[in-house]
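Step one of this worksheet: look at the structure below.
Numbering (UniProt numbering), first residue to last: 1 to 123.
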């Protein structure tokens, strides 16, 4: 997890730091085959060099970016979790619970859907 320590240490509050550390550690433990990367000031995970999921933070939320194809595929589940969404990402407010089942399904979908993909991003 040291790849993300500087990013985490710069977050506003200890609560936000702990929450992000917990989430990133959960991904690392649940999907140990994923490569940890830090690009564009964001922690992200890749599989065979292709993007799987990335995260950013703001004062009010943690943003989860799984790409537009995955956002479309999981739009209903994201709405049911009461997360705000755009075409490319959804936002988990700091006071909302993290739906780890949804995250697991999103990550697994991207791993399987991009198994033969050779570029970093989807076109």
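Ideal Cβ placement from N, Cα and C applies to all residues, glycine included.
Residue nearest to residue i in terms of C-alpha spacing, selected from the options
i           : options           : result
residue 57  : 118, 74 and 21    : 21
residue 24  : 103, 91 and 112   : 103
residue 5   : 12, 17 and 109    : 17
residue 124 : 34, 89 and 50     : Here the chain has residues from 1 to 123 only, and residue 124 is not among them.
residue 43  : 13, 2 and 14      : 2
residue 129 : 14, 27 and 83     : The shown model of the chain, from 1 to 123, leaves out residue 129, and the question about it has no answer.
residue 112 : 15, 31, 19 and 81 : 31
residue 70  : 84, 41 and 53     : 53
residue 117 : 97, 48 and 95     : 48
residue 65  : 95, 91 and 59     : 91
Those residues which DSSP pairs with residue i across a bridge
i          : result
residue 45 : 36 and 53
residue 75 : Answer is none; residue 75 lacks a bridge partner.
residue 91 : 63 and 84
Under 7 Å between C-beta atoms of residue i and residue j
i           : j           : result
residue 68  : residue 87  : yes
residue 106 : residue 55  : no
residue 63  : residue 34  : no
residue 61  : residue 93  : yes
residue 81  : residue 110 : no
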